[in-house]
Amino acid sequence: MRNLRAPGWAVLIALPLVLRAAPLRTVADFQALAAPFKSEIRVPPFETTPDQIKASAAAAMAAGDAAIDRIARQDLAAATFESTFVALDALEADAGMVENRIGFIQQTSTRKEVRDAADEAGKRLQQWDIGVGYREDLYAALKAVAARRPALTGEDQRLFDFTLRDYRREGFELPAAARKEVEALFKELSPLETDFETNIVNTRVAPVFTRAELAGVPDSFLGSPGIKTGDDAYTILVSVTPQRQMVEQNCSVAATRRKVSVAEFHLAQAVNVPLLNRIVAIRAEIARKLGYASWDDYKTEVKMAKNGATATKFIEDLVRGIQPKFDAELAEMRALKVSDTGDPKAQIDFADWRYYQNQLVKTKYTVDSEALRVYFPYENVLRGMFAIYQSIFGLKFEQLEPPYAWADGVTLWGVTDAKTGEPMGLFYLDMFPREGKYNHFAEFPIQEGHVQPGGPYLRPTVALLCNFPQPANGAPALLNHQEVTTLFHEFGHAMHAILTRAHRFRFAGTNVPRDFVEAPSQMLENWTYDKSVLDTFAADYRDPTKKIPAETLGRLQEVRLATIGVFYRRQLSFALLDLRLHGPRPALAPVDSQAESNKVIADVFFPLPDDTAFVAYFGHLVGYDAGYYGYAWADSIAADMATVFKAAPDGFLDRGAGMRMRQEIYSQGDSRDVSVSIEDFLGRPRSIGPFLKKLGIQ
């Protein structure tokens, strides 16, 4: 156990944290602090009506067209890197902020007509954005400067190279007619992808159960807002992950678990399977026309993996490597089901695994995940996480008066450097579920950091959208351990975005290769398994003198390893189905995304009912398409990075290691190759050894 009087600990608990200062400072106050640092802090004006959204989108496109005209119509003989490549990056930053904000409104507004308007405006902006990429006169201006081979270094050379690479990837080395075909395909693809995501957000399936049908589900959950909807009626929102998993993990009635699981696999099926079939077909056609063997080759070219074959081999090797661990875990769970049912032939299936995994944890490791909730009141967890991240990254968080909040309970926070007082950025918290809101857990960029042409550095503004349990029955909002881990993870993305020092928009914050972006946040998940960390905030809300016993935490750590085979085989099945959907396929061959995906899941994890379609609700297929492998890829890097903290004098609370991470990882973004950033942080070449050890693979 760590000595609680150690100097590092004293610094940690002494850091200021203002949760409800009265009166709160304003964003304008915060901006006054930023001015001496040649930085700008601002919150964009959020549109609140359909007309405002439509007008903002139109204004952004008009401003973008004017900026493009200025670049394209200048005297090309006198054009410079600044007047072309840098001006284009600034244009993309301005337009990107409007797209980010409108997309964010679509995921958060409490009014359906506003969400619908944002959906339509987002489609128009995406179509316009694609058109910008095919402006011949804009490309001519860039080529004119490129032909003179400007002397560039560092981030500017990277911007030069990446911009020209983008144009090659959009087909500018193809004949004009072929390029037009690619442009048309991209324009067809974009609204289909938006519709796919929108259908997921709008899907609502809410079966009603009796109390007897929900045997084993905690009363604390069943009494929470919106669940108890009648004298003996309990409504479960299958489309809200925490509600669905609460039943799948705890309900002892197999028929109820099966009903909830089958409902999950039917979510958005009717509308999204046909959409996905067309999306996959268009992606394959685009890749072929651009000279790639497959969409996964096209998408991974700009990532660490570099090609689809490397990504696929990485996942397939892990599938094989973890097979013995997976088999051993299934055997233990099957024994529990045999005992429960009296059927010696009982097998674990798609509707059983969460429940029997939870039972295994309770029986073999005597860890009741629901009982642990009393140690994790939401407010205490938030305070504790804030204090830790302030300490190790050298920061101060302060609650501000939001100039606008889109829903009740939304809060705004300012981040400053603890040593210099420099404002670093802003983050919003929107932490509880409501109708029409994004229904998982994620960090969303609202405006991304970059140097404005001729002006100050615009510091980032981001938001966390989460769906944690709400207070119920006189108790505070209580999180389970996995939800605490999720909070640490997602807030890590906020830190990555806010602490950027990259000058150019395209390299700032989390704008890094998709197979690396999760690594820093995955590394931070280790914090929630460390007693020194948990003892800073985890206490029984009924008696704050009671901390999580060391033996309980030890068993929790054992559980993490004991069930990692099941966890990873599920993740690997998603990664592999994504790569298979986007791998080589014959030209014009029909796509059956439902059958193809279900086969992969059956081969790697558990068979699903034939008439269901997990992929219809798999939102990662837009945005992370041919990229879900990146979670495991990044986790292998995260496990390696965690060794730096494990070896540090104060472990996961070590300020030296934290500041090193801030400097070498967070501040760099993609302004240099992330492989360089990783190795500079590690102080040595990368190793997959810590990850294989974590998985139990020798």
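Quick note on numbering: the working numbering labels position 356 of the sequence shown as 984, and the sequence is numbered without any gaps.
Where a beta carbon is used, it is the ideal one built from N, C-alpha and C, also for glycine.
Values in this document were obtained by computation on a predicted structure and should not be read as measured data.
- By the neighbour-count criterion, in which 16 or more other beta carbons inside 10 Å mark a residue as buried, residue 1179 falls on the exposed side.
- Judged by their CB atoms, residue 1021 and residue 1287 are nearer to each other than the 8 angstroms cut-off.
- The bridge partners DSSP lists for residue 1093 are 1058 and 1070.
- In the three-state reduction of the DSSP assignment, residue 837 falls in the strand class.
- Every alpha helix (DSSP H) of 4 residues or more that sits fully in the segment 1257 to 1298 is shown, in chain order, as 1257 to 1274 and 1283 to 1289.
- Between residue 1117 and the set 1128, 1096, 1090 and 1154, the nearest pair of CA atoms involves 1154.
- For residue 829, the secondary structure class from DSSP, reduced to helix, strand or coil, is helix.
- When DSSP reads this structure, residue 1171 sits in a beta bridge with 1168.
- Contact holds between the segment 1255 to 1271 and the segment 1145 to 1154, because three or more Cβ pairs, one in each stretch, are under 8 angstroms apart.
- One thing to note: residue 851 has its Cβ within 8 angstroms of the Cβ of residue 1101.
- Secondary structure of residue 998 (DSSP, three-state): coil.
- In this chain, residue 1034 is not harboured by any beta strand (DSSP E), its DSSP state being neither H nor E.
- In the three-state scheme derived from DSSP, where H, G and I count as helix and E and B as strand, residue 1181 is classed as helix.
- Taking C-beta atoms as the reference points, residue 997 and residue 1283 fail to come closer than 8 angstroms.
- For residue 687, the secondary structure class from DSSP, reduced to helix, strand or coil, is helix.
- For residue 662, the enclosing alpha helix (DSSP H) covers residues 655 to 662.
- Counting along the chain, residue 861 sits inside the beta strand (DSSP E) bounded by residues 861 to 863.
- According to DSSP, residue 800 shares a beta bridge with no other residue.
- The C-alpha of residue 1236 lies about 52 angstroms from the C-alpha of residue 658.
- Per DSSP, residue 978 lies in no beta strand (DSSP E) and is assigned neither H nor E.
- Ranking 923, 764, 1066 and 681 by CA distance to the CA of residue 1214 puts 923 first.
- Listed as beta-bridge partners of residue 1024 by DSSP are 1044.
- DSSP places residue 854 outside any alpha helix (DSSP H), giving it a letter other than H or E.
- Contact annotation: the segment 1274 to 1283 does not touch the segment 1296 to 1316, with fewer than three C-beta pairs closer than 8 angstroms.
- DSSP places residue 1318 within a helical segment (H, G or I) once states are collapsed to three.
- Shown here for residue 925: same chain residues with a beta carbon closer than 6 angstroms to its own, the five before and five after excluded, namely 935 and 936 in chain order.
- Residue 1040 holds the alpha-carbon nearest to the alpha-carbon of residue 671 among 1259, 1040 and 812.
- Distance from residue 742 to residue 676 at the Cβ level is roughly 7 angstroms; contact confirmed, criterion being Cβ atoms closer than 8 angstroms.
- A contact is defined here as three or more CB-CB pairs under 8 angstroms, and the segment 709 to 724 meets this definition with respect to the segment 1132 to 1144.
- Annotated three-state conformation of residue 1053 is strand, per DSSP.
- Taking 8 angstroms as the cut-off, the Cβ atoms of residue 853 and residue 1007 do not count as close.
- A residue is called buried once 16 or more other Cβ atoms fall within 10 Å of its Cβ, and residue 1032, having fewer, is exposed.
- In this structure, residue 982 lies near residue 876, with their beta-carbon atoms less than 8 angstroms apart.
- Here residue 801 is exposed, its C-beta having fewer than 16 other C-beta atoms within 10 Å.
- Per DSSP, the beta-bridge partners of residue 1100 are 1103.
- Between the alpha carbons of residue 952 and residue 1183 lies a gap of roughly 22 angstroms.
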